[in-house]
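Chemist:
Number of protein chains: 4
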Amino acid sequence: MINEALDTADARTTRERILDAAEQVFAEKGLGAAPVRDIAARVGLNPASLYNHFAGKEELYEAVLDRGLTPVLKMLSDLLVGERTRDDDDQAIDQVVRHFAQSPNLAKLIHYETLAGGERIARIAGRWFEPVYQRGIDVLRASRAAELWPEHELPLLLLGFQNLIVGYFAMAPLVHQVFGVDPVSEEGLSRQMAFLHKVSHLLIPPREG
Amino acid sequence: MINEALDTADARTTRERILDAAEQVFAEKGLGAAPVRDIAARVGLNPASLYNHFAGKEELYEAVLDRGLTPVLKMLSDLLVGERTRDDDDQAIDQVVRHFAQSPNLAKLIHYETLAGGERIARIAGRWFEPVYQRGIDVLRASRAAELWPEHELPLLLLGFQNLIVGYFAMAPLVHQVFGVDPVSEEGLSRQMAFLHKVSHLLIPPREG
Amino acid sequence: MINEALDTADARTTRERILDAAEQVFAEKGLGAAPVRDIAARVGLNPASLYNHFAGKEELYEAVLDRGLTPVLKMLSDLLVGERTRDDDDQAIDQVVRHFAQSPNLAKLIHYETLAGGERIARIAGRWFEPVYQRGIDVLRASRAAELWPEHELPLLLLGFQNLIVGYFAMAPLVHQVFGVDPVSEEGLSRQMAFLHKVSHLLIPPREG
Amino acid sequence: MINEALDTADARTTRERILDAAEQVFAEKGLGAAPVRDIAARVGLNPASLYNHFAGKEELYEAVLDRGLTPVLKMLSDLLVGERTRDDDDQAIDQVVRHFAQSPNLAKLIHYETLAGGERIARIAGRWFEPVYQRGIDVLRASRAAELWPEHELPLLLLGFQNLIVGYFAMAPLVHQVFGVDPVSEEGLSRQMAFLHKVSHLLIPPREG
DNA sequence: GATGAATGAGGATTCATTCAT
DNA sequence: AATGAATGAATCCTCATTCAT
Numbered sequence: 055m056i057n058e059a060l061d062t063a064d065a066r067t068t069r070e071r072i073l074d075a076a077e078q079v080f081a082e083k084g085l086g087a088a089p090v091r092d093i094a095a096r097v098g099l100n101p102a103s104l105y106n107h108f109a110g111k112e113e114l115y116e117a118v119l120d121r122g123l124t125p126v127l128k129m130l131s132d133l134l135v136g137e138r139t140r141d142d143d144d145q146a147i148d149q150v151v152r153h154f155a156q157s158p159n160l161a162k163l164i165h166y167e168t169l170a171g172g173e174r175i176a177r178i179a180g181r182w183f184e185p186v187y188q189r190g191i192d193v194l195r196a197s198r199a200a201e202l203w204p205e206h207e208l209p210l211l212l213l214g215f216q217n218l219i220v221g222y223f224a225m226a227p228l229v230h231q232v233f234g235v236d237p238v239s240e241e242g243l244s245r246q247m248a249f250l251h252k253v254s255h256l257l258i259p260p261r262e263g
Numbered sequence: 055m056i057n058e059a060l061d062t063a064d065a066r067t068t069r070e071r072i073l074d075a076a077e078q079v080f081a082e083k084g085l086g087a088a089p090v091r092d093i094a095a096r097v098g099l100n101p102a103s104l105y106n107h108f109a110g111k112e113e114l115y116e117a118v119l120d121r122g123l124t125p126v127l128k129m130l131s132d133l134l135v136g137e138r139t140r141d142d143d144d145q146a147i148d149q150v151v152r153h154f155a156q157s158p159n160l161a162k163l164i165h166y167e168t169l170a171g172g173e174r175i176a177r178i179a180g181r182w183f184e185p186v187y188q189r190g191i192d193v194l195r196a197s198r199a200a201e202l203w204p205e206h207e208l209p210l211l212l213l214g215f216q217n218l219i220v221g222y223f224a225m226a227p228l229v230h231q232v233f234g235v236d237p238v239s240e241e242g243l244s245r246q247m248a249f250l251h252k253v254s255h256l257l258i259p260p261r262e263g
Numbered sequence: 055m056i057n058e059a060l061d062t063a064d065a066r067t068t069r070e071r072i073l074d075a076a077e078q079v080f081a082e083k084g085l086g087a088a089p090v091r092d093i094a095a096r097v098g099l100n101p102a103s104l105y106n107h108f109a110g111k112e113e114l115y116e117a118v119l120d121r122g123l124t125p126v127l128k129m130l131s132d133l134l135v136g137e138r139t140r141d142d143d144d145q146a147i148d149q150v151v152r153h154f155a156q157s158p159n160l161a162k163l164i165h166y167e168t169l170a171g172g173e174r175i176a177r178i179a180g181r182w183f184e185p186v187y188q189r190g191i192d193v194l195r196a197s198r199a200a201e202l203w204p205e206h207e208l209p210l211l212l213l214g215f216q217n218l219i220v221g222y223f224a225m226a227p228l229v230h231q232v233f234g235v236d237p238v239s240e241e242g243l244s245r246q247m248a249f250l251h252k253v254s255h256l257l258i259p260p261r262e263g
Numbered sequence: 055m056i057n058e059a060l061d062t063a064d065a066r067t068t069r070e071r072i073l074d075a076a077e078q079v080f081a082e083k084g085l086g087a088a089p090v091r092d093i094a095a096r097v098g099l100n101p102a103s104l105y106n107h108f109a110g111k112e113e114l115y116e117a118v119l120d121r122g123l124t125p126v127l128k129m130l131s132d133l134l135v136g137e138r139t140r141d142d143d144d145q146a147i148d149q150v151v152r153h154f155a156q157s158p159n160l161a162k163l164i165h166y167e168t169l170a171g172g173e174r175i176a177r178i179a180g181r182w183f184e185p186v187y188q189r190g191i192d193v194l195r196a197s198r199a200a201e202l203w204p205e206h207e208l209p210l211l212l213l214g215f216q217n218l219i220v221g222y223f224a225m226a227p228l229v230h231q232v233f234g235v236d237p238v239s240e241e242g243l244s245r246q247m248a249f250l251h252k253v254s255h256l257l258i259p260p261r262e263g
């Protein structure tokens, strides 16, 4: 058991270990301020060795972004389907929140990238990105949200939820500092999930009370 | 008239012109990735000259942050007072939104700084920061929000509003790209303000229906 | 037939294919600026594999030089013998010119090496080099050149011919660019050979008118 | 007097001292194999300082090439004019030879550059290059060379002289090694000039016998 | 106050080479 | 004999900063 975990950890390819380290460093400092050397050091590798696995810093960054984004977009794509009950929505929120909690770098990567212009995110997420947004809007339109929110406000509503969910994690240090609760602790997460449920019920009144 | 504008522009202190340029560059790339040279170039100055006005990059950055944060915090401090009607709240939202719209770098500066750990923001905003948060919570507590939101959720509610308001501007490029409307155009702003009013009414039911 | 050619090409030893590729790359960029990786890539080989065939870049370079120089020196050695008629000289010139035309890298290798100091050429060609020069001078001395050229000018005359012949190929790109004729095309070669015949007749008046 | 010389030397701008050092290093190793660091070291400067004077290695190289080529091309342009006597030609040869002797790096720079493809030489020398070649051919055509050399051989004749003159200096180390005389010593130069006079008289029979 | 020049530290990346497989 | 991965040394260049002018 333990062995299996260790073996798995040890067996992680160097490529994967580089991606892990890079994800951390990029999430901490952003692409432009992240020294390749720091990434290499975190893997216990000579900087030159990175170039046996990735063509350059930029490519490494894009690989990190790709690896991080694909599962979220996939998850969202899977979640946003069919008839939805109030419980479905709550569970979807929980799932997304837990995903970000378990990939603590992801929210920061997204924020950094968006601040930088988001050109890469658009290119990399490419086919995924806009469909997911579109799907989200479709779901809102089909929900009782449509009673409260006119068509042209649906994008703002969607973006609002994104900011609420991702922002919570991207701003984790500030949250921690100001509110005194570790945002990714079980306690912090529970509170945030309950909070988001409440918000979603208020903004999108569920069909059956 | 035109002359006056030009004169004013020309007459701006070098120090102020540096701060302006620095604000732009820091907002675009973040402290770590922003070359001092870029700032100097934008002022039409030799990099060395910056050191006649600021002790170093770090100090310049803090001056930028200070100059940008002080008015918002002051504004918030002024807004969050006394008895509040629904109109007061809407006007407060409008005022804050318009402030961020007119200081388009501010939201990005805040996001970058928060991502970096927010240590400087805490130190610089120092005496201002937590009081404003505290005041915000007090206001919420005194409002009808208290009926819907238990004490321990008020911080999340406040943070939520921050994410909604600041995030909208920080993610401007993404917003523009995905929704096709310039987020700081009059049209974009009007929509966002109306949207925020609605959200605030739903989340914090105003006292007089 | 075609098969035979292909087979021959395929059957060339890896060592030979490396030498071919190295010759090209060294001729293009010179030893100092030629990346081992480029050579390997041209053979379709991993750079590490080169070290199964040559001890290092330097040794590879010397092997290339050796392989290229030996035949020319041998040829010159064979050509510069015995009684010589005007036709012998012309044919010698033709043979040398055609050799350089068929080994288009050779002239460049020699030039690069000479520019670099020629220490390796001296070491590698070793026993060959000076004897050939000496033989050339002997031939000139025995020819009617001796009537026009005093002993101490014979080396200059010999070096002059070398510069005329090798320089034509080493400067091929410039020649092509300025004169608009491909220097190694049949037309270019014919002209150059005729030109060299004329020069040799004028500088070294042939014995029998 | 002595002071004046020293002052002049000391007063040489840093830019000029960099150009001098770069010229040497580039002549020794060629652009691709010449480390910027070597150039800086020869000026007694930190490598980073070079970038206060030149945008990069490439630009520095082009400046070196430009500075070296302009005077030769100018000289040739001035020499190749009007009616020419045998003495004019001899003096022209002497002048060119002496110029190369005094700029001992120039011939090597030209050879390296030509080997590398000569694209820069074409671009830099730009308006100068081809006109000078054309002028050279015109002069040959107007001389008694025309009696011996048909139009289409004139370019080869011109290129031949270039190879004889420039090659002598570019191959200086080899010349020294093989013939035992320092090619740029007064003795070496005298011999080479006398040799070239003779060659020119034989290949281009002077008008007055 | 402004600048050109200088610099040490650090930036990403390339290079020739080694070694286990 | 071939290769993927690793590496120390170098490569070109950028950066923030200093200082004399």
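Protein chains in written order, with my numbering: chain A, 55 to 263; chain B, 55 to 263; chain C, 55 to 263; chain D, 55 to 263. Glycine included, C-beta positions come from ideal geometry on N, C-alpha and C. Keep in mind it's a predicted model, so treat the numbers as computed, not measured.
#1: Compare the C-beta of D/Lys111 against all C-beta atoms of chain C and say whether one is closer than 8 Å.
#2: When you compare only the Cα positions, how much space is there between D/Arg121 and D/Leu73?
#3: What residues in its chain sit with their C-beta under 7 Å from that of A/Asp143, if we drop five residues either side in the sequence?
#4: With 8 Å set as the bound, which would you pick, yes or no: does the beta-carbon of C/Ala87 sit closer than that to a beta-carbon of chain D?
#5: With a threshold of 8 Å between beta carbons, is C/Gly171 in contact with chain D?
#6: Residues of the segment 175-192 of chain A in Cβ contact with chain B at a cutoff of 9 Å, in chain order, please.
#7: So what's A/Met225 in DSSP terms, helix, strand or just coil?
#8: CB D/Met247 to CB D/Ile147, shorter than 8 Å?
#9: What is the rounded straight-line gap between the Cα of A/Leu99 and the Cα of A/Pro89?
#10: Using the Cα positions of A/Val229 and B/Thr168, report the straight-line distance between them to the nearest angstrom.
#11: Can you find a CB in chain B that lies within less than 8 Å of the CB of A/Tyr166?
#12: Anyone know if the C-beta pair for C/Phe80 and C/Tyr105 falls short of 8 Å?
#13: What does D/Gln246 reach in chain C if we use C-beta pairs closer than 9 Å?
#14: Could you give the DSSP three-state label for B/His255: helix, strand or coil?
#15: Less than 8 Å between the CB atoms is what I'm expecting for C/Asn217 and D/Asn159, so what's the real figure, rounded?
#16: D/Phe233 touches chain C at which residues, Cβ-Cβ below 7 Å?
#17: Please decide whether B/Pro158 counts as near chain A, where near means a Cβ-Cβ distance under 8 Å.
#18: Can you give me the start and stop residues for the alpha helix (DSSP H) that C/Thr68 sits inside?
#19: Can you say whether B/Lys162 is buried or exposed, counting buried as having 16 or more other CB atoms within 10 angstroms of its CB?
#20: Please confirm whether B/Leu212 and B/Gly190 have their CB atoms less than 8 Å apart.
#21: The alpha helix (DSSP H) that contains B/Glu201, what's its start and end?
#22: Taking the continuous alpha helix (DSSP H) assigned at B/His165, which residues delimit it?
#23: At least one CB of chain A closer than 8 Å to the CB of B/Leu5: is that the case?
#24: Round the Cβ separation of B/Leu243 and B/Ala155 to the nearest angstrom and send it over; I've been treating them as touching at under 8 Å.
#25: Pull up the distance between the alpha-carbon of A/Asn57 and that of A/Thr67, whole angstroms please.
#26: Using Cβ-Cβ distances below 7 Å, what residues of the segment 119-146 of chain D are close to chain C?
#27: Closer than 9 Å by beta-carbon distance: list the chain A residues that pair up with B/Pro227, in chain order.
#28: How long is the line joining the alpha carbons of C/Asp141 and C/Glu241, rounded to whole angstroms?
#29: Can you find a CB in chain A that lies within less than 8 Å of the CB of B/Val151?
#30: Note down the Cα distance separating C/Val238 from D/His206, rounded to an integer number of angstroms.
#31: Beta-carbon separation of A/His153 and A/Val220 under 8 Å?
#32: Measure from the C-beta of C/Leu256 to each C-beta in chain D and report whether the shortest distance is under 8 Å.
#33: Using a Cβ-Cβ cutoff of less than 6 Å, which residues in the same chain neighbour D/Leu123 once the five nearest sequence positions on both sides are dropped?
#34: Report the rounded CA-to-CA distance for C/Gly172 versus D/Lys111, giving the unit in angstroms.
#35: Considering only the alpha carbon of each residue, which of A/Pro259, A/Pro227, A/Pro260, A/Tyr222 lies closest to A/Val151?
#36: Give every residue of the same chain whose Cβ lies closer than 6 Å to the Cβ of D/Ala76, excluding the five residues on either side of it in the sequence, and list them in chain order.
Modeler: Straight from the coordinates:
#1: Residue mapping note: residue 111 of chain D aligns to position 57 of the fourth sequence, counting from 1. Judged by the 8 Å Cβ criterion, D/Lys111 is not in contact with chain C.
#2: On the fourth sequence, position 67 is the one that residue 121 of chain D refers to. On the fourth sequence, position 19 is the one that residue 73 of chain D refers to. Going from the Cα of D/Arg121 to the Cα of D/Leu73 covers about 9 Å.
#3: Position 89 of the first sequence, counted from the first residue, corresponds to residue 143 of chain A. Closer than 7 Å at the Cβ level, and outside the excluded window around A/Asp143, lie Ser254.
#4: Residue numbering aside, residue 87 of chain C sits at position 33 when the third sequence is read from its first letter. Yes, C/Ala87 lies at the interface with chain D (some Cβ there is under 8 Å from its Cβ).
#5: The residue given as residue 171 of chain C occupies position 117 in the third sequence. For C/Gly171, the answer is yes, since a Cβ of chain D falls inside 8 Å of its Cβ.
#6: Ile175, Ala176, Phe183, Glu184, Tyr187
#7: For this step, residue 225 of chain A is matched to residue 171 along the first sequence. Coil at A/Met225, not helix or strand.
#8: Mapped onto the fourth sequence, residue 247 of chain D falls at position 193. Mapped onto the fourth sequence, residue 147 of chain D falls at position 93. Yes.
#9: For this step, residue 99 of chain A is matched to residue 45 along the first sequence. For this step, residue 89 of chain A is matched to residue 35 along the first sequence. Each residue's Cα considered, the two are about 14 Å apart.
#10: In the first sequence, counting from the first residue as 1, residue 229 of chain A sits at position 175. In the second sequence, counting from the first residue as 1, residue 168 of chain B sits at position 114. Between A/Val229 and B/Thr168, the C-alpha separation is close to 10 Å.
#11: On the first sequence, position 112 is the one that residue 166 of chain A refers to. Closer than 8 Å: yes.
#12: For this step, residue 80 of chain C is matched to residue 26 along the third sequence. For this step, residue 105 of chain C is matched to residue 51 along the third sequence. Result no, Cβ atoms of C/Phe80 and C/Tyr105 do not sit closer than 8 Å.
#13: As a position in the fourth sequence, residue 246 of chain D is number 192, starting the count at 1. The contacting residues are Leu210.
#14: One-based indexing of the second sequence puts residue 255 of chain B at position 201. Looking at B/His255 - three-state DSSP - the assignment turns out to be helix.
#15: Here residue 217 of chain C corresponds to residue number 163 of the third sequence, with the count starting at 1. Here residue 159 of chain D corresponds to residue number 105 of the fourth sequence, with the count starting at 1. At roughly 18 Å, the Cβ-Cβ gap does not stay under 8 Å, so C/Asn217 and D/Asn159 are not in contact.
#16: Within the fourth sequence, numbered from 1, the residue matching residue 233 of chain D stands at position 179. Here the neighbours are Pro209.
#17: As a first step, residue 158 of chain B must be located in the second sequence, where it is residue number 104. Output row for B/Pro158: interface = no.
#18: As a working note, residue 68 of chain C is residue 14 in the third sequence. 68-83 is the span of the alpha helix (DSSP H), which, as asked, contains C/Thr68.
#19: In the second sequence, counting from the first residue as 1, residue 162 of chain B sits at position 108. Per the 10 Å Cβ criterion, buried.
#20: One-based indexing of the second sequence puts residue 212 of chain B at position 158. One-based indexing of the second sequence puts residue 190 of chain B at position 136. Result yes, Cβ atoms of B/Leu212 and B/Gly190 sit closer than 8 Å.
#21: The residue given as residue 201 of chain B occupies position 147 in the second sequence. Residues 199-202.
#22: Residue mapping note: residue 165 of chain B aligns to position 111 of the second sequence, counting from 1. Counting along the chain, the alpha helix (DSSP H) containing B/His165 begins and ends at 160-169.
#23: With chain B running from 55 to 263 in the structure shown, residue 5 of chain B is simply not present.
#24: Residue 243 of chain B sits at position 189 when you count from the first residue of the second sequence. Residue 155 of chain B sits at position 101 when you count from the first residue of the second sequence. So it is a contact: roughly 5 Å between Cβ atoms.
#25: By 1-based counting over the first sequence, the position of residue 57 of chain A is 3. By 1-based counting over the first sequence, the position of residue 67 of chain A is 13. Only weak support is given to the placement of A/Asn57: the predicted model assigns it a pLDDT of 41, under 50, and the question is left unresolved by the model.
#26: none
#27: What you label residue 227 of chain B is simply residue 173 of the second sequence in a count that begins at 1. Residues of chain A passing the Cβ test: Thr168, Leu169, Ala170, Gly171, Gly172, Glu173.
#28: Along the third sequence, read from residue 1 onward, the residue named residue 141 of chain C stands at position 87. Along the third sequence, read from residue 1 onward, the residue named residue 241 of chain C stands at position 187. Cα-Cα distance, rounded: 21 Å.
#29: Walking along the second sequence from the start, residue 151 of chain B turns up at place 97. No, because no Cβ of chain A sits closer than 8 Å to the Cβ of B/Val151.
#30: Here residue 238 of chain C refers to the residue found at position 184 when the third sequence is read from its first residue. Here residue 206 of chain D refers to the residue found at position 152 when the fourth sequence is read from its first residue. Between C/Val238 and D/His206, the C-alpha separation is close to 16 Å.
#31: Locating residue 153 of chain A in the first sequence gives position 99, where the first residue counts as 1. Locating residue 220 of chain A in the first sequence gives position 166, where the first residue counts as 1. No. Outside cutoff.
#32: Against the third sequence, residue 256 of chain C aligns to sequence position 202. Yes, C/Leu256 counts as interfacial toward chain D.
#33: Here residue 123 of chain D refers to the residue found at position 69 of the fourth sequence. So the qualifying residues of the chain are Ala179.
#34: Here the question's residue 172 of chain C lines up with position 118 in the third sequence. Here the question's residue 111 of chain D lines up with position 57 in the fourth sequence. Roughly 26 Å separates the two Cα atoms.
#35: For the purposes of this step, residue 151 of chain A is identified with residue 97 of the first sequence, where counting begins at 1. Nearest option by C-alpha distance: A/Tyr222.
#36: For this step, residue 76 of chain D is matched to residue 22 along the fourth sequence. Cβ within range, chain order: Ile93, Leu114, Val118.
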